[in-house]
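Student:
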Amino acid sequence: MAELDRSTGVRLLVRSLAIQGSWNYATMLGVGIAFTLLPVLRRARGDDPADLAAAIRRHTGFFNAHPYLASVAVGALARLEVEGAPPETIDRFKRALISPLGALGDRLVWARWRPFCALSASLAFVVGAPWWVACLLFLGMYNVGHLALRIWGLRFGWRNGRDVGRALLASPLRRVPDRLTIPLAAVGGLLLPPLVVGAAGGAGTPDVPVIFVAFGLAAIGFWKPLTAGRLAALGIVIGSLALAVLGETLW
Amino acid sequence: MISRPLVAAPVSGWIIGEPVAGMWVGILLELLTIRQLPIGGSRYWDAGPGAVVGAAALQALPPGPGALVLAAALGVAFGWAGGWTVALMRRVNARWVQPLSAGPVTPREVVVRHTSAMALDFGRAAALTAAGLIAGRLSGPRIDLVPSEVAPLAASVLLGATALALGSDIRTVATGRKVWAAFGLGALGSGILWLWLS
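Respectively, the protein sequence lines represent chains A and B. Throughout the first sequence, residue numbering follows this note's numbering, covering -7 to 243 in sequence. Throughout the second sequence, residue numbering follows this note's numbering, covering 10 to 207 in sequence.
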């Protein structure tokens, strides 16, 4: 197996941080993939300008995945390019990776890790941590997971090459979203009472009724999440208009 | 992730001397956006500029729950508007990168088109934030809230929005009886502990 040298690996990793830079409705992450792979394409196909141009054009085509787990695709595609795999194989391989990388990444990061970090940092703040500690906690926790996922993905993709789909199925990463579910819900529950008491505390309302009302409203949020989410945003906007009227001014 | 409300709002608040109020605005906006998953081509709020605009508005408002509601409303409005500008930019990007799949491509062309799309995004967010800051500067001083009169209404709005959003967030990202149980037990335990300690 060819080795992924450290300098190329670092360049791939750094470029992958900007993989969403030209995200668009036609090719989605396509151009980002080509941009990220450029160091490898230059190395593998740089001797023949026509071959290099064809490889770049191939990679600017449609591709989508979760942006962090796209590093798995980048690692595997880099290896295929270095090994000189035929263009048709690379195209088929890319198409096959879209769904698993998207589904796993969306569940793992957007639906679990980011909410978990945000709610944990919010909990730290509402129970008394200074605001900057909560900010640093969120940034630190989130980015440790984020960068670890990108580095792991790049290595995992390179190591498994064209077998990366099968390896992903057997990967323990697939179980992480399920394992984060209960801690996420528990942190959300722990956050609710101090959050609502803190948010509504400025009016001098007693804590007990505030907490009971919050339980009821959170249950409505569980029952009708879409409506409740919209209602929360709408409530803020309508409430602000009411306050502006109360303040005897038109905003 | 520095563009998340949880970071952007308190840092903006810190710049104008209101970091704690900024943090509250950030938490509120974060709760309102957690359930918006940026999956595929879905449209979602651009919460970063909204958070900066909302927190910056605190400077012109008298402290209290009323200010938090007004600041969060500005954040919601600009976050929502920002979502439309993101969608527009993605359409522009589609045209901008289209030549890459139409003919011979050099590495330089890929780099130029990709990085210029990033610059466009930077400019879009900066322009949106600047528009919000100007709007806040122009309208903020005209709002004259009397904290004692508006506090009950503002507190009710904050209570309703936070509790509804939190329940909705958890249910949107995770489902199942165990989720109910974990959330409920967490809330119950935390509520008892909170009341006992206070």
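Using N, Cα and C, we set each Cβ at its ideal position, and we do this for glycine too.
When you check each C-beta in the region 36 to 49 of chain B against every C-beta of chain A, which residues fall closer than 8 Å?
Tutor: Cβ contacts with chain A come from I36, L37, E39, L40, L41, I43, R44, L46, P47, I48 and G49.
Student: Using the three-state DSSP reduction, which class does B/M10 fall into: helix, strand or coil?
Tutor: Coil at B/M10, not helix or strand.
Student: Compare the beta carbon distance of A/H58 and A/L29 with 8 Å and say whether it is the shorter of the two.
Tutor: No, they are not a contact pair.
Student: Let me confirm a value: A/A224 is counted as buried when at least 16 other C-beta atoms fall within 10 Å, else exposed. Which label applies?
Tutor: So A/A224 ends up on the buried side.
Student: In angstroms, rounded to a whole number, what distance separates the CA positions of A/W243 and B/W93?
Tutor: Model confidence at A/W243 stands at a pLDDT of 40, short of 50, so the residue's coordinates are unreliable and nothing is read from them.
Student: Output the distance between the C-alpha atoms of A/V109 and B/T42, rounded to the nearest integer angstrom.
Tutor: Correcting the residue type first, residue 109 of chain A is Cys in the shown sequence and not Val. Their Cα atoms are separated by approximately 14 Å.
Student: Return yes when the C-beta of B/T184 is under 7 Å from any heavy atom of the ligand SAM, and no when it is not.
Tutor: The ligand SAM is not among the ligands present in this structure, which contains no ligands whatsoever.
Student: What are the residues in the region 20 to 31 of chain B lying within 9 Å of chain A by C-beta distance?
Tutor: Going along the region 20 to 31 of chain B in chain order, one finds V20, G22, W23, P28, V29 and G31 with a Cβ nearer than 9 Å to chain A.
Student: How about A/A66 and A/S112: do their beta carbons lie closer than 8 Å?
Tutor: Residue 66 of chain A is actually Val in this sequence, not Ala. Contact: no.
Student: Of the residues that make up the region 59 to 83 of chain A, which ones have a beta carbon closer than 8 Å to any beta carbon in chain B?
Tutor: Cβ contacts with chain B come from no residue of the region 59 to 83 of chain A.
Student: Output yes if chain A places a C-beta closer than 8 Å to the C-beta of B/S12; else output no.
Tutor: Taking Cβ atoms only, chain A never reaches closer than 8 Å to B/S12, which makes this a no.
Student: Please check the pair B/V166 and A/G231, which I expect to be a contact at CB under 8 Å, by giving their CB distance rounded to whole angstroms.
Tutor: About 3 Å separates the two Cβ atoms, so the contact holds.
Student: Got a sec: which bits of the region 219 to 232 of chain A sit with their beta carbon under 7 Å from any beta carbon on chain B, in order along the chain?
Tutor: Answer set for the region 219 to 232 of chain A: A220, G221, L223, A224, A225, G227, I228, V229, G231 and S232.
Student: Just the Cα atoms here: how many angstroms apart are A/S91 and A/A62?
Tutor: The straight-line gap from Cα to Cα measures roughly 11 Å.
Student: Residues in the region 55 to 83 of chain B with C-beta within 7 Å of chain A's C-beta atoms, listed in sequence order?
Tutor: The residues in question are G73, P74, G75, V78, L79, A81 and A82.
Student: B/L15 versus chain A: which residues are under 8 Å apart at the beta carbon?
Tutor: Correct list: A110, A113, S114, A126, C127 and F130.
Student: Leaving out five residues on either side along the sequence, give the residues of the same chain with a beta carbon under 7 Å from the beta carbon of A/F54.
Tutor: Excluding positions up to five away in sequence, the list reads T19, M20 and G22.
Student: At which residue ranges does the region 49 to 115 of chain A contain complete alpha helix (DSSP H) runs of 4 or more residues, listed in the order of the chain?
Tutor: As far as the region 49 to 115 of chain A is concerned, its whole alpha helix (DSSP H) runs of at least 4 residues are 62 to 74 and 79 to 97.
Student: Going by the DSSP bridge assignment, what does A/N16 pair with across the sheet?
Tutor: In DSSP, A/N16 forms a bridge with A/M20.
Student: Helix, strand or coil for B/Q45 per DSSP?
Tutor: Looking at B/Q45 - three-state DSSP - the assignment turns out to be coil, as it is neither helix nor strand.
Student: To the nearest angstrom, how far is the alpha carbon of B/I143 from that of B/A86?
Tutor: Between B/I143 and B/A86, the C-alpha separation is close to 14 Å.
Student: Spell out a yes or no on whether the region 124 to 138 of chain B and the region 163 to 172 of chain A are touching, meaning 3 or more CB-CB pairs, one atom from each, closer than 8 Å.
Tutor: No, because fewer than three Cβ pairs between the region 124 to 138 of chain B and the region 163 to 172 of chain A fall closer than 8 Å, the two stretches do not touch.
Student: By alpha-carbon positions, which one of B/A81, B/M98, B/L204 and B/V16 ends up nearest to B/G141?
Tutor: For the residues B/A81, B/M98, B/L204 and B/V16, the minimum Cα distance to B/G141 belongs to B/A81.
Student: Quick check on B/F192: does DSSP put it in helix, strand or coil?
Tutor: Helix.
Student: What is the residue span of the alpha helix (DSSP H) that A/I212 lies within?
Tutor: Element bounds for A/I212: D199 to W215.
Student: Round the Cβ separation of B/G176 and A/I212 to the nearest angstrom and send it over; I've been treating them as touching at under 8 Å.
Tutor: So it is a contact: roughly 7 Å between Cβ atoms.
Student: Let me know if A/V74 comes out buried or exposed under the rule of 16 or more other beta-carbons within 10 Å of its beta-carbon.
Tutor: Answer is buried; the Cβ neighbour count reaches 16.
Student: Determine the DSSP secondary structure at A/T28, reduced to helix, strand or coil.
Tutor: Looking at A/T28 - three-state DSSP - the assignment turns out to be helix.
Student: Output, in sequence order along the chain, the residues in the region 198 to 210 of chain A whose CB is closer than 7 Å to any CB in chain B.
Tutor: Within the region 198 to 210 of chain A, the qualifying residues are D199, V200, V202, I203, V205, A206, F207, L209 and A210.
Student: Is it buried or exposed, B/S51, if we count other Cβ atoms within 10 angstroms and call 16 or more buried?
Tutor: So B/S51 counts as exposed.
Student: Check whether the Cβ atoms of A/A68 and A/W150 sit closer than 8 Å, and answer yes or no.
Tutor: Yes. Within cutoff.
Student: Could you give the C-beta distance for B/A170 and A/L235, rounded to a whole number, given that I count them as a contact under 8 Å?
Tutor: That belief does not hold up - the Cβ atoms of B/A170 and A/L235 are roughly 13 Å apart, past 8 Å.
Student: Find the nearest neighbour of A/G181 within the set A/F27, A/I203, A/T219 and A/A88, judged by alpha-carbon distance.
Tutor: Nearest C-alpha to A/G181: A/I203.
Student: A/L184: which of B/S207, B/I179, B/K187 and B/L206 sits nearest, CA to CA?
Tutor: Out of B/S207, B/I179, B/K187 and B/L206, B/I179 has the C-alpha closest to the C-alpha of A/L184.
Student: Along chain B, which residues have their Cβ under 7 Å away from the Cβ of A/W15?
Tutor: In chain order: R99 and N102.
Student: Which residue spans inside the region 36 to 84 of chain B form an unbroken beta strand (DSSP E) run of at least 3?
Tutor: Here no run is fully enclosed.
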